[in-house]
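In this note's numbering, the protein residues as written are -8 to 402.
Glycine included, C-beta positions come from ideal geometry on N, C-alpha and C.
It should be emphasised that the depicted structure is a prediction, and the values quoted were computed from it without experimental measurement.
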Amino acid sequence: MITIRSIRPIITAPQKINLVVVKVETSEPGLYGLGCATFTQRYEAVATAVRDHLAPLMVGRDVQRVEENWQLMYQHSYWRNGPVLNNAIAGIDIALWDIKAKLANMPLYQLLGGKVREGAAVYLHAQGCDNKELEDRARFFLSQGVNHIRIQCGKFAYGGMEYDGIRPDGALPGAYYNPRSYMRENLAAMEHIRNIFGDKVELLHDVHERLSCAQAVDFAKQCEKLRMFFLEDALAPEDIEWFANIRQACTTPIAMGELFNHPREWTPLITGRLIDFMRMHITQMGGLTPARKVAALGELHGVRTAWHGPGDVSPVGHMLNVHLDLVAPNFGIQEFSPNYHWDPKQKLGMAPELQEVFAGCPELRNGYLYANEKPGLGVDLDEKAAARYPGIRQVDQWTQARVPDGSLHRP
Ligand code: MG
């Protein structure tokens, strides 16, 4: 029996975004697995959960019993389904899948059933303060073969342009925005892109839960004329019952899920056919073991996958997304965060600093992401290189979002 010899969290920030990777070493010399456990806003808490709570539970156990190991990690804390523990469990779970595929001597996608497509179509983020900036970015992406483009008008991606109007005396500092101006600016920006590029562009947009429930229904309705690919996070997880109202009001395709932790969040939206795309952050939902089950649930209900893939997913996590994309009949689209050089002569791809730390990153070519043929996930981590980019302690500003009267709003 091959057993778990050690489990270690590794924190690294090659792009100044804290990433958490878990390394699981086995009793077989040279055999190890890597998993992503990135919850960037609380990365030290995840590392502590891996090191001090899960490692003592899991060392010595059979590496082959992936499902048993997941169920044990899940139930062992008694209280469960929170983001810190889910990410910690995911790091180990993904590493065990990596090991299992290495033992089978096949790329993970083979172990999961084999390809139904050769590459995963991606969407990229275009963000700008005016139509010209957005148009330039969209043109650049199109020149590189990417036609699924998320349009966000504003300096900080979410909430539109910064609100600099009158605030009450004594209003606290924060990331101010005005929900009503946000709606106007972003509708106008998307209309502009549609007018310039016509149907060459598939339009996406992320509301990032910045609106009230009624505003979200109104916004989705106004987006209908744009024939979007999807509208994301129109509502907060706390307000999921309102998705039924959006469905009744318009045909805008709806994506949801990056903030989900609990099966009671995604299950009713999928089985009720109230969303079109599931957007979970795979480590936030507990890893590959739950993700592949929920992907299959989506297939049965006409809901496609669009796994979360921003900068706060490690290359290990991005590669896991790609393996799932290759095997899922109900794959929809893959979010990806490449290096952004606004220069048509430079090719889009995984940032060089990330490639310095992680060997075997997914490759982006003409709008599609590709896995490699190495056994397992196909991604490796150079620990010395990772140590050159230590974690950064900081208090995030952007999650201190405020509306014009100075009160906080979910970011
Ligand atoms: Mg999002």
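- Uninterrupted alpha helix (DSSP H) stretches at least 4 residues long and entirely within the region 303 to 338 occur at 306 to 318, given in chain order.
- Cβ contact annotation for L339 (same chain, cutoff 6 Å, sequence separation greater than five): Q135, P329, L355, in chain order.
- Around the CB of M(-8), fewer than 16 other CB atoms lie within 10 Å, so the residue is classed as exposed.
- For D197, the CB falls within less than 7 Å of some heavy atom of the ligand MG.
- Using a Cβ-Cβ distance cut-off of 8 Å, the region 308 to 327 and the region 288 to 299 are in contact, since at least three pairs of beta carbons, one from each stretch, lie closer than that value.
- At a cut-off of 7 Å, the beta-carbon of E124 does not count as near the ligand MG: no heavy atom of the ligand is closer than that.
- Here H272 carries a coil assignment [DSSP, helix/strand/coil].
- K14 counts as buried, since at least 16 other C-beta atoms from the protein chains shown sit within 10 angstroms of its C-beta.
- Between H199 and N177, the beta carbon gap of about 11 Å keeps them out of contact (Cβ cut-off 8 Å).
- The three-state reading of DSSP puts A227 in coil, since its state is none of H, G, I, E or B.
- Between the ligand MG and E58, a heavy atom-to-CB distance of less than 7 Å is absent.
- A straight line joining the alpha-carbon of Y167 with that of P335 spans about 34 Å.
- Just so you know, the alpha carbons of P159 and G397 end up roughly 7 Å apart.
- Per DSSP, E153 lies in no alpha helix (DSSP H) segment and is marked neither H nor E.
- Taking a C-beta distance under 8 Å as the contact criterion, A392 and G119 do not qualify as a contact pair.
- Scanning V50, I2, E16 for the CA closest to the CA of R33 turns up I2.
- Annotation for L115: the continuous beta strand (DSSP E) segment containing it runs 111 to 119.
- With a cutoff of 7 Å, D160 does not count as near the ligand MG, since its C-beta is closer than that to no heavy atom of the ligand.
- Taking 8 Å as the cut-off, the Cβ atoms of G358 and V192 do not count as close.
- Scanning its chain for C-beta atoms nearer than 6 Å, with the 5 sequence neighbours on each side dropped, one finds around E223 the residues D197, A246, in chain order.
- DSSP, read as helix, strand or coil, puts K284 in helix.
- Note: M247 is bridge-paired with M269 in the DSSP secondary-structure output.
- Each of G82, H253, N96, G308 was checked against the Cα of V41, and the nearest Cα belongs to G82.
- A distance below 8 Å separates the beta carbons of L345 and P306.
- Close CB contacts of E374 within its chain, under the 7 Å cut and outside five residues either way in sequence, are with I1 (chain order).
- Collapsing the DSSP output to three states places I237 in a helix.
- Cβ neighbours of E256 within its own chain (closer than 7 Å, five residues either side excluded): P228, I231.
- Between P170 and Q206, the C-beta spacing is below 8 Å.
- Between the alpha carbons of F220 and M181 lies a gap of roughly 12 Å.
- Per DSSP, reduced to three states, the secondary structure at D373 is coil, with no helix or strand assignment.
- Under the three-state reduction of DSSP output, E19 falls in the coil class, being neither helix nor strand.
- In this structure, DSSP gives Q143 an extended state, which the three-state scheme calls strand.
- Assignment of E215 by DSSP, reduced to helix, strand and coil, places it in the helix class.
- Taking every protein chain shown into account, the CB of H332 has fewer than 16 other CB atoms within 10 angstroms, so this residue is exposed.
- Rounded to the nearest whole angstrom, the CA to CA distance from M97 to K365 is 7 Å.
- Where Y65 is concerned, the enclosing alpha helix (DSSP H) starts and stops at 57 to 67.
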